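> Remember, this note's numbering sits 1 above the position in the sequence shown when you count from 1.
Where a beta carbon is used, it is the ideal one built from N, C-alpha and C, also for glycine.
All values derive from a computational prediction rather than experimental measurement.
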Amino acid sequence: MEIYLKVLKENYVNFSGRARRKEFWMFHLFLIIITTICIGLDNILGTVVAMDAGLFGLNVLPFGWLFFLCGIFHFLPSLSLVVRRLHDVGKSGSWYLIGLITIIGVVFLIVFLCSEGDKNENKWGLNPKG
Numbered sequence: 002m003e004i005y006l007k008v009l010k011e012n013y014v015n016f017s018g019r020a021r022r023k024e025f026w027m028f029h030l031f032l033i034i035i036t037t038i039c040i041g042l043d044n045i046l047g048t049v050v051a052m053d054a055g056l057f058g059l060n061v062l063p064f065g066w067l068f069f070l071c072g073i074f075h076f077l078p079s080l081s082l083v084v085r086r087l088h089d090v091g092k093s094g095s096w097y098l099i100g101l102i103t104i105i106g107v108v109f110l111i112v113f114l115c116s117e118g119d120k121n122e123n124k125w126g127l128n129p130k131g
């Protein structure tokens, strides 16, 4: 929880520097937990809105307002954390866009995010491990 709060307080929209794997994955673990809680509360409170996706006339893709607000609130810190994680492995933040191309791009992005960072200083700063 400490890492999650640190990302939100100190690095909310910080796109410079480097982020360790631990910081990245712990933040996203808590984000999954918080998102799951928001989805549950949306269902309990009855704030789920169904969008008609035109699939055989079925209402699909349900989402609630808490889930929507959670996504809006966490979009920038999550994006900045991905960029800083890419910096840690020696890649430019623009590599994030490879995930928008194809599923192969998503696989490459996940490999980069799981890779160990550069052990020495790189052009984005010192090794965050110290």
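1) Return yes when at least one heavy atom of the ligand NAP lies under 6 Å from the C-beta of residue 14, else no.
2) Based on DSSP bridge pairs, tell me the residues matched to residue 123.
3) Can you list, in chain order, the residues of its chain whose CB lies under 8 Å from that of residue 2, leaving out five sequence neighbours each side?
4) Helix, strand or coil, according to DSSP, for residue 109 in the structure here?
5) If we count Cβ pairs, one from each stretch, closer than 8 Å, do we get three or more for the stretch 62 to 78 versus the stretch 33 to 44?
6) Considering only C-alpha positions, which residue in the set 16, 72, 120 and 108 is nearest to residue 95?
7) From residue 21 to residue 127, what distance separates their C-alpha atoms?
According to the data block:
1) This structure does not include the ligand NAP; it has no bound ligands of any sort.
2) DSSP lists 126 as partners of residue 123.
3) 31
4) helix
5) yes
6) Comparing Cα positions, the closest option is 16.
7) 11 Å
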